[in-house]
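For the sequence shown, the numbering used here gives the first residue as 2, with consecutive numbering after it. Heads up, the thing below is written out as structure tokens.
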Amino acid sequence: QRRWPAPHRHPREFVSAGIADRDFRSPGEGLNQVRICSAELAPNKTFSDIYLAGLVEGEFPRRVSRSGFASPEEIKKWRFFGVDLHNPRHHAGFESALFNSLLERSRERIVITCPTTDIVDGEELIPSFLLTGGKDEGVKSLNIVEPFSSATYQPVSVRDHVANRLWRNQNEAMVAMTHPDVAAFSEKISAPIAMLKARESGASHLVYNGWLTDLVSSGSLKINMPKDWSPSRLNDYGKCPFKYWTNHVLKIEPHEEPTNEILVTILGEAYHKALELFYIDLKNRNQTLVNLEDDEIKRLLESATKSAIISMNAQHKVKRGEFAQYEDQEIAFRLVRFVLEEKRRAIKDQGRFVPSLFEHGFGTARVGEPLSPPLIVKSGGKEVRIIGVIDRIDIAAETTASGQPKVRVIDYKSGSTPITEKDALEGRNLQMPIYALAIAQSIMPGAEVEVGQFLSVSQASTLGSLEFVKKPKKPKEGEPENVEPPSESLLEKSKNYIVDYVNRIGNGDFEVRPNGEVSCRGCQHSMICRITECSASGDEDGE
Numbered sequence: 002q003r004r005w006p007a008p009h010r011h012p013r014e015f016v017s018a019g020i021a022d023r024d025f026r027s028p029g030e031g032l033n034q035v036r037i038c039s040a041e042l043a044p045n046k047t048f049s050d051i052y053l054a055g056l057v058e059g060e061f062p063r064r065v066s067r068s069g070f071a072s073p074e075e076i077k078k079w080r081f082f083g084v085d086l087h088n089p090r091h092h093a094g095f096e097s098a099l100f101n102s103l104l105e106r107s108r109e110r111i112v113i114t115c116p117t118t119d120i121v122d123g124e125e126l127i128p129s130f131l132l133t134g135g136k137d138e139g140v141k142s143l144n145i146v147e148p149f150s151s152a153t154y155q156p157v158s159v160r161d162h163v164a165n166r167l168w169r170n171q172n173e174a175m176v177a178m179t180h181p182d183v184a185a186f187s188e189k190i191s192a193p194i195a196m197l198k199a200r201e202s203g204a205s206h207l208v209y210n211g212w213l214t215d216l217v218s219s220g221s222l223k224i225n226m227p228k229d230w231s232p233s234r235l236n237d238y239g240k241c242p243f244k245y246w247t248n249h250v251l252k253i254e255p256h257e258e259p260t261n262e263i264l265v266t267i268l269g270e271a272y273h274k275a276l277e278l279f280y281i282d283l284k285n286r287n288q289t290l291v292n293l294e295d296d297e298i299k300r301l302l303e304s305a306t307k308s309a310i311i312s313m314n315a316q317h318k319v320k321r322g323e324f325a326q327y328e329d330q331e332i333a334f335r336l337v338r339f340v341l342e343e344k345r346r347a348i349k350d351q352g353r354f355v356p357s358l359f360e361h362g363f364g365t366a367r368v369g370e371p372l373s374p375p376l377i378v379k380s381g382g383k384e385v386r387i388i389g390v391i392d393r394i395d396i397a398a399e400t401t402a403s404g405q406p407k408v409r410v411i412d413y414k415s416g417s418t419p420i421t422e423k424d425a426l427e428g429r430n431l432q433m434p435i436y437a438l439a440i441a442q443s444i445m446p447g448a449e450v451e452v453g454q455f456l457s458v459s460q461a462s463t464l465g466s467l468e469f470v471k472k473p474k475k476p477k478e479g480e481p482e483n484v485e486p487p488s489e490s491l492l493e494k495s496k497n498y499i500v501d502y503v504n505r506i507g508n509g510d511f512e513v514r515p516n517g518e519v520s521c522r523g524c525q526h527s528m529i530c531r532i533t534e535c536s537a538s539g540d541e542d543g544e
């Protein structure tokens, strides 16, 4: 209901009442009132106690570039009319003035806190310049307070007291208490406190960090193993066991922000489909890229691209926006650029390899029945069954001394992340070695896979190449031939990696253990990863 002032009241009171009704009403005064707000929104009055939390560099002071609700264009327009709009937060002395003002408003005490570690990524935090003055002495003078230290002599609740006792392993003193809520709180928070203590210790071989081998060996936990393994599953474990755990056991997927753009996975399917249709058409015509003119290539590719886009749009998970026609033009442009670059590489290679098999599955298929049996990898008395689909298999005109075909493996990528031989040698990316093994054992038994290439369709470039048959290096003129000692081949290493990964998965080893720094780049599970807590993992492994 609207409050109307009495007729004899001053008009100013009438206006004040109207404003109070329209705006948020200020809370009534009371005893022991607590107000929680950001520093700049603190009411301009005194308080008995003031708590300033999170005084870390970068947050307080926090540099502000925005001009409140006014955009830069609006500010320029008002300045043209002689009105100078500005945000007081842009003033160099605003933060220090605000800080000093908050200190002056306290009647009894001020409590200042500045955390030393970021709770999200574990990054070390620096106290605000307002506390240290930019000097090391200022940092050293700050008192470090241990968790639950105040609860030792002045707990604020039974829960606070129980948490303190559990944290300090003072269970006997806690049990001796006769308070009725002690037992209930002990049972309720003992497990969280135990997890907190374990995480604070920095040890990596903990249940909380994916180390489940003790539970598996005792028989209290069983890992459900898949019958068939895919290269992507093995790659995830090779990059980080915890990544495998989150992707394939817990099946956790981060919530993606809505976007008007086509998802990379769906775009990749469109690229794959268009290239498959194009090369099948080329093969049916008994033509190669080297023999065709560019205009003919563009004409054939245009038809394949249209069919691929129609197939993509038919998927229920694809909802095209108002820029769909421009996205289709970009897809067609990138495919043409990619195929013309393929032609250039084929001419340079003198047309040695000819695309022959497309989207060829072993043990599985994208559509219909698999064309070849699954790959069986054996090592150390163990065997692993692997299935997958190879984007393209190119066959050379010449054969080996025993009459077997020579093969090149092609894998299309939508992105532009480089894939190196080191990734395969260190077990982070076993996709191409698995494809090479599948061709030599399941698809074309006895074939010699010379090389595998990762090709970026969007960039029309080579992302990486693996040589399975090393070519001898020609010595420089006048130098003796350098004969390198034989070493374990990439394919044999890959076999050992595969069997080792499957054994460790079965044993419950899902520890946070990234295989090199590169494994953490772009990881979708960085928000829940505890890599920063496993500070002692290197020491444990060393022992």
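In this text, a Cβ means the ideal position worked out from N, Cα and C, and glycines have one as well.
Asked                                                                                                                 : Found
Residue interval of the beta strand (DSSP E) (run including E277)                                                     : Where E277 is concerned, there is no enclosing beta strand (DSSP E), although the alpha helix (DSSP H) it sits in stretches over V265 to N285.
Assigned secondary structure, L467 (DSSP; H/G/I helix, E/B strand, else coil)                                         : strand
Strand pairing of I396, partner residues [DSSP]                                                                       : V355 and V408
Simplified DSSP state of T118, which is helix, strand or coil                                                         : strand
Assigned exposure category for K414 - 16 Cβ within 10 Å defines buried                                                : buried
Residues sharing a beta bridge with H361, DSSP                                                                        : I391
Cα-Cα separation, P515 to Q454                                                                                        : 25 Å
Range covered by the beta strand (DSSP E) that runs through D424                                                      : No beta strand (DSSP E) contains D424, which is instead part of the alpha helix (DSSP H) from E422 to L426.
Short Cβ contact (7 Å threshold) for L431 with L283                                                                   : no
8 Å contact criterion, which G447 and Q405 should meet: CB distance rounded                                           : 4 Å
CB-CB length for P434 against S495, believed under 8 Å                                                                : 4 Å
Close-in-space but distant-in-sequence residues of the same chain around I532 (CB under 6 Å, 5 per side omitted)      : V513
C38 burial status per 10 Å Cβ neighbour count (16 or more: buried)                                                    : exposed
Three CB pairs or more closer than 8 Å across the region 358 to 366 and the region 381 to 401                         : yes
Cβ shell of W212 (< 6 Å), same chain only, five flanking positions each side left out                                 : H206 and E512
Neighbour-count burial assignment, E399, 16 or more Cβ in a 10 Å radius                                               : exposed
Three-way DSSP call (helix, strand, coil) for I51 in this model                                                       : strand
Cβ separation of V458 and L372, assumed to be a contact under 8 Å, to the nearest whole Å                             : About 23 Å separates the two Cβ atoms, so there is no contact after all.
V450 versus S466, K198, E262 and F82, residue with shortest Cα-Cα distance                                            : S466
Distance, V146 Cα to A54 Cα                                                                                           : 14 Å
Coil, strand or helix - L222 by DSSP                                                                                  : coil
Proximal residues to E427 (C-beta, below 7 Å), its chain only, five neighbours per side dropped                       : N516 and G517
CB contact flag (G509, V217, <7 Å)                                                                                    : yes
Residue environment, D424, which counts as buried when at least 16 other CB atoms sit within 10 Å                     : buried
Own chain partners of T401 with C-beta closer than 6 Å, once the 5 adjacent residues on each side are dropped         : E449
Neighbourhood of V319 by C-beta distance below 7 Å, restricted to the same chain and skipping five residues each side : I267 and M313
V503 and V385 closer than 7 Å at C-beta                                                                               : yes
Three-state secondary structure assigned by DSSP to R335                                                              : helix
Cβ pair count under 8 Å reaching 3, the region 131 to 138 against the region 153 to 160                               : no
Three-state class that DSSP yields for I253 in the structure shown                                                    : coil
Contact check, I149 vs N165, beta carbons under 7 Å                                                                   : Strictly speaking, residue 149 in this sequence is Phe, with Ile absent from that position. For F149 and N165, yes; Cβs fall inside 7 Å.
Cβ pair V500, K407 closer than 7 Å                                                                                    : no
Own chain, CB closer than 7 Å to Y238, minus 5 neighbours either side, in chain order                                 : Y245, Y502 and I506
Between the CA atoms of A437 and F279 - distance to the nearest angstrom                                              : 24 Å
Whether L376 touches A439 by CB criterion (7 Å)                                                                       : yes
For Q454, the three-state DSSP class (helix, strand or coil)                                                          : strand
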